[in-house]
Amino acid sequence: MSERIILIGPPGAGKGTQAARLAEKLGIPAISTGDIFRANVAGETELGKTAKRYMDAGEYVPDEVTNSMVKDRLAQDDAQPGFLLDGYPRTEAQVAELDSMLSELDESLDHVVELTADTDEVVERLLARAQLQGRSDDTEEVIRHRLDVYAEQTQPLTRIYADRGLLRQVDGLGEIDAITGRILAQIGH
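First residue of the sequence shown? That's 14 in the numbering used here, and the numbers climb one at a time after it.
Below is the structure:
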């Protein structure tokens, strides 16, 4: 059974943790734009240098860079039986681009899972993560800006996917296993 899933939610809602767990349970790759950007930053590639400027300011990397990267990734063999997108799409323009990519591959989405989380809880999570991992993109000012950008640009996507009957909202707070269980129940597993 193929599964094509988008995991959406504010920064710090636990998308990365849940994406890895769901990908393993469902046998599909988790495709995280954030991980790809950070790998390029660490490798000091041209994409990484460009991405770092935006990430350090709490801004999104431009669509044309992100879209081409995601298109290449979805065309790889391991994504043919399905995939879980974490961090993409983030804008209405990216929704349209993803629709086009999937149409070219003669595929469609099965579910869009939105992890919901309290803003203050998210800020605390990200500040703790910044201390543990030494992430330059996780200062309180940048975190709050990222949450504002999310609310402005990404949250409207939930309306699009709700109108298509694909949106499943799941509380992203609590024990990791419980959250995974809630997600699996929402997507019929």
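For glycine and all other residues, C-beta sits at the position ideal for the given N, C-alpha and C.
Source: prediction; values computed, not measured.
CB of residue i within 8 Å of CB of residue j, strictly
i	j	result
E105	L170	yes
G221	K28	No answer is possible for residue 221: the residues shown for the chain start at 14 and end at 202.
L60	V78	yes
A26	V135	yes
A130	G194	no
Delimiting residues of the beta strand (DSSP E) encompassing residue i
i	result
L20	16-21
Q182	180-184
A43	43-45
Buried or exposed (CB count within 10 angstroms, at least 16 for buried), residue i
i	result
Q107	buried
K65	buried
S113	exposed
T58	exposed
R177	exposed
I189	exposed
8 Å Cβ cutoff, residue i in contact with chain D
i	result
V74	Although the question refers to chain D, the structure presented lacks it and comprises just one protein chain.
Range covered by the alpha helix (DSSP H) that runs through residue i
i	result
Q166	First-last for Q166: undefined, no H or E at that position.
V78	76-87
Y67	59-69
G201	Neither: G201 is in no alpha helix (DSSP H) and is coded neither H nor E.
E37	28-39
- prompt: Which runs of the alpha helix (DSSP H) fall wholly inside the segment 89-159 and span at least 4 residues, in chain order?
  reply: 105-117, 132-146
message: Between the segment 149-161 and the segment 66-73, can you find at least three pairs of beta-carbon atoms closer than 8 Å?
response: yes
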